[in-house]
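Taking it in order: structure first as structure tokens, then the write-up.
The structure is reproduced here in structure tokens:
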């Protein structure tokens, strides 16, 4: 993945907010020109993600810093495993350390969680996908972490997917009218997804020609019933607090996708340390 | 708090990444000019934070949207409590809904966690403070949420606090040398904080004239011992995986600050919904 | 249409490049504070587009300028028809005049051309759509002009539509392999479009499960044949120098979309004048 | 020409708007790391312009892409002529192809048109020059294309040339007053150009000391008369829908410059293809 | 003067660098919502310049701050004279005070110096003009201050004036060749100025058709001689450490312009205070 | 010092404002590709500062320009001393020359002034420090120049130092209340400085626990008295028009810091020339 176009702005913002007018400690305590060498190590098991971003962080500060990944994004590591080595001027390395770790730990945390969920539905028809409940400014990176962990991406933003929710349905005067309006007015390259709360909604959406039907907060029995009713005529997504439910059971109903907002909005950072020799 | 200088850039970034080339669903399904009205409601107990940011999000999209907070940042709410009302053009409101909620839920989640920790040490000498382990791009907002929740802020970035860590000490040739260098070279408006791993470190830091001493990963008994040794001649900060320890017990040793990275790096979003009439 | 998020950057760029360090003529010749009043008038028949952009141009220069559209974007005007009135400080109006006209004339030129093409296929199954051959920096505005003129939009950019072209097919090892890879790896909200040069390509794409098939540079007879073969199982797009062909005849083959790059890459500005009283 | 300061912003904007959140087709269909090789070829006769811009486009996406021009900006090519070769990672090349071509084709189209007009007045005293009727955001590039094609540049923007038009004249109270005000208030490094609609205007401008006189929409006979009257005491520019007139005839009147807005506002893209091996 | 397009960027930069992550003193000591009222007063005699900029500074921080100028840019004030009043929220006013004064004092210092020089040559044929030796980032504002003080502006930048200096002459192979090249290649709206170090240079420049001749570091006697020689056939500029010379004497030679770099590169801030009630 | 994060924005701004749409003189008079070679030389005695910035200026214009410093920032030079050599394409060098000199001369002027003041207090307990009275946009660079010249830095901005001034004191209801509020609400890493106008103020500040006391505009006798009273219990800063006083005498009172706004707000550029072979 080439991150430059999508991540430079957020990397600059992160460095600017962390460095302020300069790293007064390093600048006043460590002689300019001093070189150091260190290792990034996993302190718990997980999936690593964000190595290229970490590398760019240091590159912004000093082009002579050498950051050498020992593994690739997406690899599963055990606690104690070497992730990357770094070598170069102490000033740049120490000033960038925190920002690099902040990216690396957060993205690895999301990738690890995504891998956990993906494992839960392995072998079923369903895949786990993310949502738009991402951290402001980190959309592309967090979606990349989800994918790196082995889950899938739902739409990236409001422009690359049509998802007709309850509010749209109300405003348009019903499911059929809403789907019709979307088919007439929206670009034809996009599938039309419709949110359904009841089997009746599902039926109406199906007849209106929806390409994807999202089952919102349905119990498993109803889900099973509507999946049978849909019978492959549309893709089916299960949605609604899925992180608090037994997603293996949800997957067993035959849905195609299970979307989980908690993947990005409530992940825990993976513990990673940087120690110098 | 006047957010404009510090938050406009991240709000714009968040809107840009979520809206892409436009909200195709809303644009194709809902007539331009249609007005709607809705309520933001807490779906679990917590401290609300980020109302002004949410308001700015909608302001960027349509200046005629009326977002009216029902409470103020920092108020404790119970599940079901009304947080804010919104009214105006459906296009702008529906296109901004997700971004506004992403900010509001994350900041409220952090404020809630900060309030929990603050409650744990209430009545002791210690306050809970945050760290630099914040989400890239959200430093100012997350530190604001910590404060809103009732905990305190450690330094904002590398330029408004001197913190001499183990790596600085090694590179400078010991604690005394490092403190001396900081006193000579750094701006005099900043206190000098030194990381100490052993009582011997603490002693050396104290003699070198450190203003604050950070006890890194010490057990409670040792902490108690060094707090007595320091005897008010420097402020004392306890640090190191504090989210996994009994911080009430830590506070009882007499330390002045307990810093907790998990406040910002691993918080959970507070559940908040937006429903339309 | 609310243009602000998508057009402010290009408006600022356009004003910056046209004003430079200041309008020396106006500044040296016309007294500050002098007010003027003028009319934008169509000097040839066409569809007007870009009134809100023109309004924002003047707003950037002086918030007291009053720009009042006499019609709405998308209206057909005859030569001589009043388009908008403007009133306010001469300095701001004269300094912004050229940039406002540059936007208005270009967008109206595109809308006019789009309307012409749309009229050619009226009553058939086909709609005319645009391409990614737009002017650098003006993608959103030019696509908006196409829509305003009555034609449709193909994908906005590389992220909101899958279009597997000959180069992708070669690199992936054939149409079937490419479609399979897209289905497995790309977001499921997007339809899969495949470029086909021969009936055999069409057949393979159809069997691979393509949602849309683009017929590249086919003669009308072949087009007719493959449209029959596809028989509604996929949408069909006709493409390739369509501006030099009889698109009514192409439409008659039953294709669903005819894409025309010339809509944006080779349009002529509509003649519009601004005269002061 | 070193484009970096003037073109990076518009190149970034063009890439951002075309790539969106990523090239889903290439990313899902073509293996990362795959290399390709291709040729840019002219598909019609013309003057090529924009090679350095095209090169920068690819450089933004992947620094290892090798773009090698076979000719230089300003060369006349026949249909079929190789323009440049490209080699490197397929991901970067395919994602940048459209933007590079959009720049290259538009600038070559303008250069070609400029060359045509320059040829029409070859051997006369007149040169053809451009106007400020350029595409928003592309001012510098389009003026560069005009020059590359062999025509000349009028002022770049409102700050590097004084041009007193009818509106300025009215507001200032006549030609003499306007010229006097300009001489007193404007920087002395700039010549003063005045728009004249009648021989009387010309006379007044000449007496006021105008350095350049622009004849607006005059017929050829009148032009001839006033050129004789001016007799070298000022430069003379012919202006007003010159693209619809016989500019050879206009040139024969002895004017120094003929300005043509259509050079930039209504040019047609030159047909250029990129094919891979 | 409408400053917005030219000064917003530098105002934002100035505020960002001065406020950092927030005004900790004001925020921690003064209650939010507290209102204050103050007066800007001249503490020495001079010309005031920059009132609109100061106003914009406060506007960026809080739109409810009321900044009311008591005089206009360009007015001469005596020590003790009220310049402006300010009223509104203490937070915004105290946080913006320093930046507003930094602009106001610097620009007033330059305007005052410009007025001093202008007074020295009053009644002669010469005007005093500035140079490109301005403070990085403040070009437009400093040139505006020079003009406000009553002196004139030389070219704003490298694109709105042709000035052939010794290095250009050497590279071009002499004055005649350089002037010829400029006439052929540069836009015709710009006059051609040539630097001359000797009477011979002046003669060559005149014969080559230079519109303006800059006399570099000439003694007064030689200047007088060449002014006579030029005899109105070109404008004449005297240049070179003019701040260390008797410019009244220089003006008496009959030159048209005297350029003084010290106007902007070595001005002293005018003393202005802000006191609250 | 690695300038890139802090200076790129102001360098770009400076180049943009000086180059405008291009260096018309160089472009029209000097053949593209022509190489030149030159020397930067001190024309008066002083401390040189800004070599890395000058280097970056040329790097933005043409990466092949070779700028080789002959000395390092902070070195004292005599008139005539070689400062740096430059070699490369004439176009880039001549277009960047003025901006590079503007930075270099200003920063060297400040460093020289700082060195002068530092020399005046050499051997005393006091150091000279700067203020926030810097040029808008140049805060970091000017503070760097002060340090390079041998003086010290006061706070960089409003967020990395607490300074309770008279207005804060009034608003908070007295010195004691203000200091108490600061201690409770501000980050604990920052020392608390209080402005005092009288010995009574000093006493109150001391009792309130101020870490630093600023003596505002006190006469030397009073200063001496309060320094004795403070007796090392707080750092002492002398402030208020110090550039017009005998700072050696001020230093002799035993104060720790003497702050001088004139260091940055009224410095004179150091005379440096660039001559080509």
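Chains as they are written, first to last, in the numbering used here: chain S, 1 to 277; chain F, 1 to 277; chain R, 1 to 277; chain B, 1 to 277; chain Y, 1 to 277; chain D, 1 to 277.
Yeah, the Cβ is synthetic: ideal placement off N, Cα and C, and Gly gets one too.
Starting from residue i, follow the beta strand (DSSP E) in both directions and report where the run begins and ends.
{"i": "residue 84 of chain R", "result": "82–89"}
{"i": "residue 262 of chain B", "result": "Counting along the chain, residue 262 of chain B falls outside any beta strand (DSSP E), though it belongs to the alpha helix (DSSP H) covering 262–265."}
{"i": "residue 279 of chain F", "result": "With chain F represented from 1 up to 277, any question about residue 279 of chain F goes unanswered, as that position is not in the structure."}
{"i": "residue 21 of chain S", "result": "No beta strand (DSSP E) contains residue 21 of chain S, which DSSP labels as neither H nor E."}
In the DSSP output, which residue or residues are listed as bridge partners for residue i?
{"i": "residue 36 of chain Y", "result": "Y:88"}
{"i": "residue 47 of chain Y", "result": "Y:76"}
{"i": "residue 272 of chain S", "result": "S:42"}
{"i": "residue 68 of chain S", "result": "S:85"}
{"i": "residue 259 of chain D", "result": "D:129"}
From this set, the options, which residue's C-alpha is nearest residue i's C-alpha?
{"i": "residue 243 of chain R", "options": "R:140, R:32 and R:120", "result": "R:120"}
{"i": "residue 239 of chain Y", "options": "Y:233, Y:193, Y:271 and Y:268", "result": "Y:193"}
{"i": "residue 43 of chain D", "options": "D:139, D:183 and D:80", "result": "D:80"}
{"i": "residue 275 of chain F", "options": "F:85, F:49, F:73 and F:56", "result": "F:85"}
{"i": "residue 98 of chain B", "options": "R:189, R:137, R:133 and R:110", "result": "R:133"}
{"i": "residue 69 of chain Y", "options": "Y:60, Y:95, Y:104 and Y:62", "result": "Y:104"}
{"i": "residue 251 of chain B", "options": "B:48, B:221 and B:169", "result": "B:221"}
{"i": "residue 25 of chain F", "options": "S:229, S:196, S:182 and S:245", "result": "S:182"}
{"i": "residue 47 of chain D", "options": "D:168, D:264, D:115 and D:231", "result": "D:115"}
{"i": "residue 57 of chain R", "options": "R:100, R:154, R:139 and R:66", "result": "R:100"}
{"i": "residue 108 of chain D", "options": "D:33, D:73, D:27 and D:176", "result": "D:73"}
Check for me: the alpha helix (DSSP H) holding residue i runs from which residue to which?
{"i": "residue 25 of chain D", "result": "24–29"}
Counting C-beta neighbours from all protein chains within 10 Å, is the total for residue i 16 or more, i.e. buried, or is it exposed?
{"i": "residue 145 of chain S", "result": "buried"}
{"i": "residue 257 of chain D", "result": "buried"}
{"i": "residue 157 of chain Y", "result": "buried"}
{"i": "residue 89 of chain F", "result": "buried"}
{"i": "residue 188 of chain R", "result": "buried"}
{"i": "residue 173 of chain S", "result": "exposed"}
{"i": "residue 102 of chain Y", "result": "buried"}
{"i": "residue 249 of chain B", "result": "exposed"}
{"i": "residue 7 of chain F", "result": "buried"}
Exercise. What residue ranges within the region 198–257 of chain D form continuous beta strand (DSSP E) runs of no fewer than 3 residues, ordered along the chain?
Worked result: 212–216 and 235–239
For this session: Entirely within the region 122–183 of chain Y and at least 3 residues each: give me those beta strand (DSSP E) ranges in chain order.
Result: 127–129 and 162–164
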